[in-house]
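Have a look at the structure below, then the notes.
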Amino acid sequence: MGAMARKALAGLVPVVAVALVATGCGSTNNVAGGPSGGASSTAGADFGAQVCGSGYHAPHFPAPFGELPGGARTLSGAGSTFVAPLMSYWTKTYSQATGVQVAYQSIGSGGGVAQIQARTVDFGDSDTGMTPAEQAKAKGPVLQLPLLLGAVVPTYHLSGVKSGLKFTGDVLGKIYAGKIKAWNDPALTALNPGKKLPNEPIAVVHRSDGSGTTNIWTDFLSEQSPTWVHALGGPSRSTGKTVAWPVGIGGKGNEGVSGQVNQTEGALGFLELHYVLAQNSTYGQVRNTAGRFVQPCVATVTKAANGATYPAVLHRAVIDGTDPNAYPITGTSYALLYRSQTDPAKAAALVNFFAWVLSKGQDLNANLNYAPLGQDLRKPAVDLLKRVTVNGKPAVT
Amino acid sequence: MNPLPGSPTPWRRVRARRGGTDTVFRYAVRSAAAMVIVVLVATAVFLVQQAWPALHQYGILSYLGSDRWAPSEATATGRHPNPYGIAQFVYGTAVTSLIAMVLAVPVAVAVSLYLTEIAPGWLRRPLSGLVDLLAAIPSVVYGFWGIFALIPAVRPAGVWLSRTLGTAPVIGPLFAGPFFGVSYLVAGLVLAIMILPIITAICREVFATVPTADKESALALGATRWEMVRMAVLPRSRSGITGAAVLGLGRAVGETIAVTMVIGNNVLSITTSILGPGSTMSSVIANEFTESTEPFHLQSLMVVGAWLLVIALVVNTVGKLIVRRTGEDIA
Numbered sequence: 009m010g011a012m013a014r015k016a017l018a019g020l021v022p023v024v025a026v027a028l029v030a031t032g033c034g035s036t037n038n039v040a041g042g043p044s045g046g047a048s049s050t051a052g053a054d055f056g057a058q059v060c061g062s063g064y065h066a067p068h069f070p071a072p073f074g075e076l077p078g079g080a081r082t083l084s085g086a087g088s089t090f091v092a093p094l095m096s097y098w099t100k101t102y103s104q105a106t107g108v109q110v111a112y113q114s115i116g117s118g119g120g121v122a123q124i125q126a127r128t129v130d131f132g133d134s135d136t137g138m139t140p141a142e143q144a145k146a147k148g149p150v151l152q153l154p155l156l157l158g159a160v161v162p163t164y165h166l167s168g169v170k171s172g173l174k175f176t177g178d179v180l181g182k183i184y185a186g187k188i189k190a191w192n193d194p195a196l197t198a199l200n201p202g203k204k205l206p207n208e209p210i211a212v213v214h215r216s217d218g219s220g221t222t223n224i225w226t227d228f229l230s231e232q233s234p235t236w237v238h239a240l241g242g243p244s245r246s247t248g249k250t251v252a253w254p255v256g257i258g259g260k261g262n263e264g265v266s267g268q269v270n271q272t273e274g275a276l277g278f279l280e281l282h283y284v285l286a287q288n289s290t291y292g293q294v295r296n297t298a299g300r301f302v303q304p305c306v307a308t309v310t311k312a313a314n315g316a317t318y319p320a321v322l323h324r325a326v327i328d329g330t331d332p333n334a335y336p337i338t339g340t341s342y343a344l345l346y347r348s349q350t351d352p353a354k355a356a357a358l359v360n361f362f363a364w365v366l367s368k369g370q371d372l373n374a375n376l377n378y379a380p381l382g383q384d385l386r387k388p389a390v391d392l393l394k395r396v397t398v399n400g401k402p403a404v405t
Numbered sequence: 033m034n035p036l037p038g039s040p041t042p043w044r045r046v047r048a049r050r051g052g053t054d055t056v057f058r059y060a061v062r063s064a065a066a067m068v069i070v071v072l073v074a075t076a077v078f079l080v081q082q083a084w085p086a087l088h089q090y091g092i093l094s095y096l097g098s099d100r101w102a103p104s105e106a107t108a109t110g111r112h113p114n115p116y117g118i119a120q121f122v123y124g125t126a127v128t129s130l131i132a133m134v135l136a137v138p139v140a141v142a143v144s145l146y147l148t149e150i151a152p153g154w155l156r157r158p159l160s161g162l163v164d165l166l167a168a169i170p171s172v173v174y175g176f177w178g179i180f181a182l183i184p185a186v187r188p189a190g191v192w193l194s195r196t197l198g199t200a201p202v203i204g205p206l207f208a209g210p211f212f213g214v215s216y217l218v219a220g221l222v223l224a225i226m227i228l229p230i231i232t233a234i235c236r237e238v239f240a241t242v243p244t245a246d247k248e249s250a251l252a253l254g255a256t257r258w259e260m261v262r263m264a265v266l267p268r269s270r271s272g273i274t275g276a277a278v279l280g281l282g283r284a285v286g287e288t289i290a291v292t293m294v295i296g297n298n299v300l301s302i303t304t305s306i307l308g309p310g311s312t313m314s315s316v317i318a319n320e321f322t323e324s325t326e327p328f329h330l331q332s333l334m335v336v337g338a339w340l341l342v343i344a345l346v347v348n349t350v351g352k353l354i355v356r357r358t359g360e361d362i363a
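Protein sequences appear in the order of chains A and B. Residue numbers for the first sequence follow the working numbering, so the first one is 9 and each next one is one higher. Residue numbers for the second sequence follow the working numbering, so the first one is 33 and each next one is one higher.
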């Protein structure tokens with residue numbers, strides 16, 4: 009039953025995909041991809057020659073190894089809210105297929121790290137790699153497995169302006185630093201010729217709570233905008249789950265930011281991609297390091313991991329791939345589990361669950377507008393999983 | 033409590049005869065009463081205990097001496113400057129509560145006067161019930177209502193204020209734009225509606241204690257309804273109204289979720305303009321405690337909580353004392 013339901017869901021994805029005709033804008037790229045949400049919200053938007061919305065294919069990763077016997081029937085996890093919607097989709101589908109119940113508490117990345125340090129859960133989840141100091145407080149070596157890719161997207165509310173405004177990291181940094189104050193600032197009009205941007209103040213919206221989403225966003229601003237780094241007082245202060253926002257309105261959670269942006273004429277905020285598409289908000293495209301303006305969608309987000317190297321990714325919130333068609337504000341989330349397990353049943357259940365997440369589970373990501381891990385991050389994640397030991401012996405043989 | 037003269041059984045013996053159940057009852061109610069005190073004291077001790085590492089690191093006074101809250105600038109060893117200034121939260125709590133009081137107290141007094149002196153008898157009970165029902169609306173619903181109904185409704189007024197008063201001399205900075213909706217002003221408006229029921233309820237009781245003889249005397253002397261209210265009702269109720277207002281203030285000071293949703297959550301400095309985004313002591317705790325991962329971050333939120341407890345206790349105690357002085361222990 010469970011397997012059939014999964015197939016039916018996966019089958020829906022290509023059906024709603026829509027092919028758009030390229031109109032040949034010089035600097036914008038052509039990327040095939042985008043699942044359900046991408047297609048519907050592209051209608052009426054102004055992304056030029058982008059074709060997010062056609063040709064996305066689920067990765068269909070094979071199972072990395074055979075299922076381990078004797079697994080426990082329950083697992084507990086806690087951590088990131090960023091991964092929570094997809095985690096609950098994974099755990100529900102997994103329990104339907106296997107009967108194993110995985111209880112995940114969405115308490116935030118900080119809580120996920122604290123709980124795995126205290127070993128009160130079987131696995132934690134954090135949007136950033138654990139620092140050496142955090143690892144030192146853990147009861148043994150912690151494996152950090154990337155699980156998915158997600159994008160953070162500039163979203164705005166300007167009457168008469170559709171999705172597709174072009175932004176660069178430097179312009180976004182100047183807006184968030186309070187240096188660009190109005191929508192008709194020359195820096196914005198130069199990026200968006202032909203768009204009627206009003207002489208209205210920009211209502212900058214940011215998160216009021218600490219968040220992995222903030223971490224990805226500010227990491228990108230810090231990389232691209234010297235103005236942003238300077239305004240925050242240096243690189244150590246310009247990136248993080250919380251920063252000292254120089255201007256703007258704070259909203260609690262993605263829903264708080266989304267509410268403020270949707271309610272405020274002239275607002276600009278940042279949200280996770282799945283939130284933007286679910287709310288049907290207007291959103292922009294962002295210039296990547298290759299100089300292309302890229303629309304965020306599952307296909308362009310997956311490309312962000314092409315050329316990324318593990319464990320280098322652990323030190324940055326933004327995934328730094330090399331693909332010229334990658335959406336640039338993309339991050340991942342890491343499952344945290346102890347390499348040395350003591351309970352054979354728990355160990356088998358943990359390894360089985362994450363082996364499933366890294367294979368069949370990845371096909372589900374696009375249904376919620378997360379992207380599957382690219383092969384470059386999926387392979388190291390599988391290799392890490394094979395390093396789990398039970399009382400000194402490898403769990404996977 | 034002496035037994036009546038000639039009574040065959042002194043009351044002490046009556047109590048003794050009922051022995052068992054009476055003792056159980058006495059201990060049950062006594063421990064219930066003690067629990068209230070224990071919970072209050074334990075909360076205060078807990079807050080100070082949790083806040084202690086941060087207080088020790090930065091010093092008690094450095095918290096109130098700064099209006100810059102920047103957890104990302106905290107380090108495990110740095111002591112100066114304190115990155116966790118809380119003056120802007122105290123300011124935000126004071127300003128939003130003040131706006132709420134200025135708007136709610138006159139309306140509450142008017143409503144209670146209408147209910148006790150003017151309204152026809154058949155209307156008094158249902159109308160009182162409706163006002164009390166305002167208190168039954170959950171805080172988070174007020175927050176939603178603030179975002180989706182109140183802010184769009186006041187936006188033209190806010191923009192107008194920022195364009196006229198905002199450029200005036202002296203008071204200009206208080207109304208400086210741009211006005212995006214979320215602000216001290218809107219938070220104060222939401223609070224005003226939330227504290228209306230408690231102020232109205234107490235004022236109603238206070239006005240009801242004015243002796244009928246006083247009111248009838250005024251009317252007999254030829255006073256109109258309004259003159260009767262002015263000469264007989266209001267002077268006797270002055271301290272009662274003050275107490276009601278202070279108890280309303282106590283509610284406004286601690287209100288969290290509705291305020292968090294509409295105040296804009298700027299924690300970096302005091303926003304002078306009431307049309308700008310700010311934050312309150314309770315809103316910063318609600319926003320940040322789930323991911324308070326920086327050094328001394330959670331402990332500093334406990335400092336905010338401890339100060340909030342102190343302010344709320346003082347305000348509520350003062351309110352109760354004033355109400356009690358009217359001779360009626362209503363609150």
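Glycine included, each C-beta is placed from N, C-alpha and C at the ideal position.
- Distance from the CA atom of residue 98/A to the CA atom of residue 218/B, rounded to whole angstroms, is 41 Å.
- For the set 316/A, 178/A, 217/A and 296/A, the Cα lying nearest the Cα of residue 117/A is the one of 217/A.
- Look at the stretch 194-221 of chain A: the residues with a C-beta under 7 Å from a C-beta of chain B are 209, 211, 216, 217, 218 and 219.
- Exposed is the label assigned to residue 323/A, since fewer than 16 other Cβ atoms lie within 10 Å of its Cβ.
- Collapsing the DSSP output to three states places residue 115/A in coil.
- For residue 57/B, DSSP assigns no beta-bridge partner whatsoever.
- The beta carbons of residue 236/B and residue 160/B sit closer together than 8 Å.
- One Cα belongs to residue 261/B, the other to residue 231/B, and the distance between them is close to 18 Å.
- A direct Cα-Cα distance of roughly 24 Å separates residue 88/A from residue 243/A.
- Those residues of the stretch 100-115 of chain A placed with their C-beta closer than 9 Å to a C-beta in chain B are 115, ordered along the chain.
- Taking 8 Å as the threshold, the shortest C-beta distance from residue 260/A to chain B falls below it.
- Residue environment analysis places residue 139/A among the exposed positions, since fewer than 16 neighbouring C-beta atoms fall within 10 angstroms of its C-beta.
- Chain B places a beta carbon closer than 8 Å to that of residue 253/A, counting this residue as a contact.
- For a cut-off of 8 Å, the C-beta gap from residue 359/A to residue 404/A is around 6 Å, short enough to register as a contact.
- Here residue 311/B is buried. Its C-beta has 16 or more other C-beta atoms within 10 Å.
- Residues of the stretch 96-128 of chain B whose Cβ lies closer than 7 Å to any Cβ of chain A, in chain order: 102, 103, 104 and 105.
- As a beta-bridge residue in DSSP terms, residue 348/A pairs with 397/A.
- Shown here, residue 184/A sits in a helix according to DSSP, grouped into three states.
- Taking C-alpha positions only, residue 85/A is separated from residue 355/A by approximately 13 Å.
- The three-state reading of DSSP puts residue 205/A in coil, since its state is none of H, G, I, E or B.
- Beta-bridge annotation (DSSP): residue 276/A is paired with 164/A and 212/A.
- For the options 148/B, 214/B and 198/B, the alpha carbon positioned closest to that of residue 177/B is the one of 214/B.
- According to DSSP, residue pairing for residue 109/A in a beta bridge involves 82/A.
- Residue 337/B: member of the alpha helix (DSSP H) spanning 329-357, first to last residue.
- Within the same chain, Cβ atoms closer than 6 Å to the Cβ of residue 335/B are found at 83, 86 and 95, the five residues on either side in sequence being excluded.
- Residue contact check for residue 78/B against chain A: no CB pair falls below 8 Å.
- Sorting 275/B, 249/B and 276/B by C-alpha distance to the C-alpha of residue 263/B places 249/B at the top.
- Membership of residue 324/A in any alpha helix (DSSP H) is not indicated, and neither H nor E is assigned to it by DSSP.
- As far as DSSP is concerned, residue 205/B takes part in no beta bridge.
- Interface annotation, residue 235/A: not in contact with chain B, CB-CB separation never under 8 Å.
- Listed along chain B are 323 and 325, each with a C-beta nearer than 8 Å to that of residue 249/A.
- Just measuring C-alpha positions, the residue of 96/A, 83/A and 152/A sitting nearest residue 319/A is 152/A.
- Residue 77/A and residue 353/A have their alpha carbons spaced roughly 8 Å apart.
- Residue burial annotation: residue 170/A is exposed, with fewer than 16 other C-beta atoms found within 10 angstroms of its C-beta.
- Judged by beta-carbon spacing, residue 385/A lies within the 8 Å limit of residue 154/A, meaning their Cβ atoms are closer than that value.
- Residue 219/A holds the alpha-carbon nearest to the alpha-carbon of residue 115/A among 219/A, 255/A and 73/A.
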